Each structure stands twice: as structure tokens, then as C-alpha cells.
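There are 2 protein chains.
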Amino acid sequence: MSDQREKILSCACDLYERLGLEGFSMRKLAKAVGVTAPAIYRHYDGRDAVLGDVLREAHRTFARYLYAALGEPTPLGRFAAAGQGFIDFVIEHPRWYGIMHTGHENLGMDHPPEDIESMQAAVHQFWVDRVRECQQAGILKEGDPEELSITMWAHAHGMAQLFRHGCFPVQQEEFRMLFKQSNARLMSGVATPEFAAEYSAMLRDVEVAVGQGD
Amino acid sequence: MSDQREKILSCACDLYERLGLEGFSMRKLAKAVGVTAPAIYRHYDGRDAVLGDVLREAHRTFARYLYAALGEPTPLGRFAAAGQGFIDFVIEHPRWYGIMHTGHENLGMDHPPEDIESMQAAVHQFWVDRVRECQQAGILKEGDPEELSITMWAHAHGMAQLFRHGCFPVQQEEFRMLFKQSNARLMSGVATPEFAAEYSAMLRDVEVAVGQGD
DNA sequence: GTCTATAATCCGATAGAC
DNA sequence: GTCTATCGGATTATAGAC
Numbered sequence: 064m065s066d067q068r069e070k071i072l073s074c075a076c077d078l079y080e081r082l083g084l085e086g087f088s089m090r091k092l093a094k095a096v097g098v099t100a101p102a103i104y105r106h107y108d109g110r111d112a113v114l115g116d117v118l119r120e121a122h123r124t125f126a127r128y129l130y131a132a133l134g135e136p137t138p139l140g141r142f143a144a145a146g147q148g149f150i151d152f153v154i155e156h157p158r159w160y161g162i163m164h165t166g167h168e169n170l171g172m173d174h175p176p177e178d179i180e181s182m183q184a185a186v187h188q189f190w191v192d193r194v195r196e197c198q199q200a201g202i203l204k205e206g207d208p209e210e211l212s213i214t215m216w217a218h219a220h221g222m223a224q225l226f227r228h229g230c231f232p233v234q235q236e237e238f239r240m241l242f243k244q245s246n247a248r249l250m251s252g253v254a255t256p257e258f259a260a261e262y263s264a265m266l267r268d269v270e271v272a273v274g275q276g277d
Numbered sequence: 064m065s066d067q068r069e070k071i072l073s074c075a076c077d078l079y080e081r082l083g084l085e086g087f088s089m090r091k092l093a094k095a096v097g098v099t100a101p102a103i104y105r106h107y108d109g110r111d112a113v114l115g116d117v118l119r120e121a122h123r124t125f126a127r128y129l130y131a132a133l134g135e136p137t138p139l140g141r142f143a144a145a146g147q148g149f150i151d152f153v154i155e156h157p158r159w160y161g162i163m164h165t166g167h168e169n170l171g172m173d174h175p176p177e178d179i180e181s182m183q184a185a186v187h188q189f190w191v192d193r194v195r196e197c198q199q200a201g202i203l204k205e206g207d208p209e210e211l212s213i214t215m216w217a218h219a220h221g222m223a224q225l226f227r228h229g230c231f232p233v234q235q236e237e238f239r240m241l242f243k244q245s246n247a248r249l250m251s252g253v254a255t256p257e258f259a260a261e262y263s264a265m266l267r268d269v270e271v272a273v274g275q276g277d
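Chains as they are written, first to last, in this note's numbering: chain U, 64 to 277; chain R, 64 to 277.
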């Protein structure tokens with residue numbers, strides 16, 4: 064990759080972080096790089112090609128934040144460090160986290176590039192592996208690690224998105240605490256043992272009522 | 064409200080559902096309504112005014128889906144019905160759920176309108192009330208109902224967003240099941256009792272290591 | 001490889017006739 | 001209340017000189 068193309072990509076990442084998808088234009092990118100707009104086309108086929116590279120860079124960086132956890136010696140250590148890496152990435156690169164979940168169609172792509180899809184699959188497998196080894200260590204409950212991953216993924220993703228959109232009236236450091244505390248609740252559960260009994264009783268009542276309706 | 068303004072709002076909601084924020088324009092809206100663009104300006108001050116009404120309609124409908132749960136006779140019944148209403152709304156109005164979390168600045172507003180903010184506050188209070196009455200009924204664990212709400216909110220929001228963006232390879236009905244199953248895991252917790260002991264031991268080791276580093 | 005100049009669209013919004 | 005016509009500006013992208 065030429066130096067100039069690297070410089071363009073770097074400026075494109077900054078520009079995207081500052082202005083998001085709608086504010087991103089080839090003219091502004093050119094001004095940021097210090098050239099005129101047509102010069103960009105010598106290095107990229109068009110706007111979508113630039114955004115595709117920004118997306119790739121986001122995924123690469125995200126994976127790097129997570130995989131750093133593999134340096135820890137224990138399953139629980141890797142698990143906790145991966146969560147830490149996740150929240151670090153969200154706080155330090157909020158727009159990148161956004162572009163990774165914006166959908167390829169918004170970036171002018173019919174299908175996401177193959178290499179990006181394989182990065183996503185690898186990250187998914189990474190989480191499943193973290194969950195499985197914690198199950199084997201007796202730290203997480205038994206069950207399909209894929210399903211367990213979904214629950215934890217949804218919770219982390221929801222926390223990240225609500226923070227990014229200003230739904231929590233907190234700053235970065237407070238958010239780290241909020242995230243950890245909420246994770247602790249997810250770990251130990253929010254319901255009492257009473258819940259399961261009441262809930263199954265309620266479902267039984269519904270079935271009875273439906274049965275009577277026939 | 065005049066008939067024509069209602070028709071414009073209806074078409075605007077459809078247009079937004081189909082094309083999202085970037086594809087939404089006054090010209091396309093006019094074509095959908097069956098008039099020319101300037102005619103819209105007789106009923107709305109501009110694009111942002113239309114989008115503001117779309118946003119308001121989304122919040123109104125969302126609240127209606129949730130508040131239907133108040134017809135249930137028990138705390139657990141209201142709690143479960145509210146969750147059902149939430150997921151129904153997400154499945155039936157995915158773009159509306161999106162616009163509600165897109166941030167007012169993306170809609171050309173400095174501040175969200177007061178009436179919309181008060182609807183948001185009311186919905187927030189609705190969830191806290193559902194949690195509190197379930198706590199009082201012994202179905203949810205004790206603790207600050209606001210904090211408990213955050214955890215459940217983040218999980219539900221994350222599930223909704225991941226579904227909307229196609230991260231789950233499932234259709235609508237399968238997603239309902241996925242959501243319920245994941246909620247069940249959130250209720251009962253994902254970690255074993257072993258987790259807390261290991262985790263606090265790990266934190267202690269970290270503190271010791273940090274202490275040695277001084 | 002970069003420039004100037006420009007084509008071709010799209011946009012929001014307005015003026016004035018009817 | 002709607003129309004035609006138009007302004008002023010943004011965008012992506014290209015042609016051709018240097």
C-alpha cells in the first residue's frame with residue numbers, strides 16, 4: 064500500500080469518527096488529506112471503496128483489542144480481559160463500533176467483503192471459545208456455549224449502544240463501572256427462585272385459558 | 064390535524080420505514096403523497112419538522128404497545144406482557160425502533176422536543192415500576208430497581224438491535240423464541256456460584272500485583 | 001499524481017401564478 | 001392549496017491539461 068493511500072485511509076477514519084456516515088464526503092476527505100477531490104480517485108475507486116477500507120480497519124482494530132486477552136493465563140482471566148478489551152474499544156472508538164453495526168447496505172455494498180466476514184466469524188468463535196473454557200472450568204453454567212454467548216453478547220452490545228447514544232447520563236469512567244455492575248447482575252441473575260415457579264404457573268394458566276377457548 | 068397533514072405523516076412513516084434516514088427526502092415524500100414538493104411546505108415547515116412528527120409517532124406507538132400490559136392482573140403478568148409488547152413492536156416496526164435510537168442531532172434537532180422527552184421519561188418510569196412491583200412480589204431480586212432496569216433494558220435493546228441488523232440468522236418467529244430463551248438466562252444468571260469466588264480472588268491477585276509494582 | 005473545470009444529479013426551500 | 005419554475009448548494013465522478 065502506497066504512503067498516500069495510507070494517509071487517505073487514516074484521514075478517512077478520523078473523518079468518519081468525527082462526522083459519521085452522513086457527514087462523510089469525498090470533498091471533505093480531500094480537504095483533510097490536503098489535496099483536491101479528484102486526487103482521491105487515483106487511490107480509491109470511489110466513496111464506497113474508502114468506506115469499505117474504514118470498515119475493515121475498524122474490524123481489525125476491534126479484533127486486536129479482544130485478542131490481547133489471550134495473553135492471560137486462566138480461562139477466567141481471558142474472559143474478563145476480553146470484556147475489558149470490548150469496553151475499551153467502545154469507549155475509545157465509538158464511531159467505529161457504530162460502523163461495524165450499520166449494515167453493509169448503508170455503505171453501498173451488496174454483500175460485505177469476504178475478509179471482513181471471516182473476521183466477524185473469527186471474533187464470534189473467539190467469544191464462544193471463551194465461554195466454553197469457562198464452562199469447562201466450572202465458572203459458567205452448562206449449556207450450549209453459542210446460546211450463552213448470545214445472551215452475553217446482547218447485553219454487552221445493548222450497554223454499548225445505549226452509552227453511545229447518550230441514554231446513560233454518565234461519562235466514560237462511570238460507564239466502565241456501570242458496565243461491570245450490570246455484567247455482575249447478568250452473571251448472578253436478576254430473578255429469585257420464586258420467579259420460575261410463578262412463571263411456569265402463569266404459562267399453565269394461559270394454556271388452560273386457551274384450551275377453554277376451543 | 065387536517066386530513067392532508069395526516070396523509071403526509073402516514074406516507075412519511077412508510078417512506079422512512081422503507082428507505083431510512085438517508086433515503087428520506089421531501090421530493091420522494093411528495094411523490095409518495097401524490098403532490099409536488101412545495102405542497103408539503105404548506106403543511107410542514109421543512110424536512111426536520113416532518114421527521115420530528117415521524118419520531119413522535121414512533122414513540123407514541125411504542126408506548127401504546129407497552130402500556131397494553133397494564134391490563135394484566137398480576138405484577139408478573141404485566142412484566143411478561145410488557146416484554147411481549149416490546150418484542151412485538153421491534154418486529155412490526157423495526158425502522159421506528161431505529162429512529163428512536165438514532166439521536167436527535169441526526170434528525171436536524173438541537174434538542175429533542177419536550178413532549179417526546181416526557182414520553183421517554185414515562186416509558187422509563189413504566190419499566191422501573193414493573194421491576195419494582197415484581198421485587199415487592201418477591202419475583203425479582205432486591206436492589207435499586209433503576210439499576211435492575213438498566214441490565215434488562217440493555218439486554219433487550221441489544222437483542223433487538225442485533226436482530227434488526229441481521230446478526231442472528233433467524234426469522235421473526237424464531238427470534239421471539241430466541242429472545243425468550245435469552246431472557247430466561249438473564250433471569251436465572253449465566254455464572255455458577257464458583258464464579259464470584261474465583262473472580263474476587265482474581266481481583267485480589269491483581270491488587271497484590273499492582274501493590275508489588277509500587 | 002495532482003490540478004482546474006465541469007458534467008450530472010440530487011437536495012431543501014422559495015416566489016409567484018392560478 | 002397546489003402548481004410551475006427556479007435559486008443556491010451539496011454531492012459523486014470524470015475529462016483533460018500539466
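Every residue, glycine too, gets a C-beta built ideally from N, C-alpha and C.
Bear in mind that the values here come from a model prediction, so they are computed numbers and not experimental data.
Would you say residue i and residue j are within 8 angstroms of each other, going by their C-beta atoms?
i, j, result
"Y160/U", "V117/U", "no"
"A93/U", "I103/U", "yes"
"E209/U", "P138/U", "no"
"H220/R", "M182/R", "no"
"I179/R", "R119/R", "yes"
"R90/R", "A100/R", "yes"
"A144/R", "A131/R", "yes"
"H167/U", "H174/U", "yes"
"G134/R", "M265/U", "no"
"L170/U", "G115/U", "yes"
"T165/U", "L84/U", "yes"
"G86/U", "N246/U", "no"
"A126/U", "V186/U", "yes"
"R239/R", "I150/R", "yes"
"H218/R", "H218/U", "yes"
"G97/R", "Y128/R", "no"
"I154/U", "Q244/U", "no"
Just grab the DSSP bridge partners of residue i for me.
i, result
"A254/U", "L203/R"
Under three-state DSSP, which class holds residue i?
i, result
"Y128/U", "helix"
"H122/R", "helix"
"F189/R", "helix"
"C230/U", "coil"
"G86/U", "coil"
"T165/U", "coil"
"E135/R", "coil"
"E172/R", "A small fix is needed here, since residue 172/R is Met in this sequence, not Glu. In the structure shown, M172/R sits in coil (DSSP, three-state: anything other than H, G, I, E or B)."
"S181/U", "helix"
"Y107/R", "coil"
"S58/R", "In the structure displayed, chain R extends from 64 to 277; residue 58/R sits before or after that span and is not available."
"S65/U", "coil"
"G146/R", "helix"
"G97/U", "coil"
What are the boundary residues of the alpha helix (DSSP H) that residue i is part of?
i, result
"G161/U", "157 to 162"
"P101/U", "100 to 103"
Inset, instruction - Check whether the region 212 to 230 of chain R touches the region 256 to 269 of chain U, taking contact to mean three or more Cβ pairs, one atom from each stretch, closer than 8 angstroms. - result: no
Inset, instruction - Could you tell me whether the region 226 to 234 of chain R touches the region 151 to 160 of chain R, using the rule of 3 or more Cβ pairs below 8 angstroms? - result: yes
Legend entry - the region 251 to 263 of chain U touching the region 247 to 260 of chain R, judged by at least three CB pairs closer than 8 angstroms: yes
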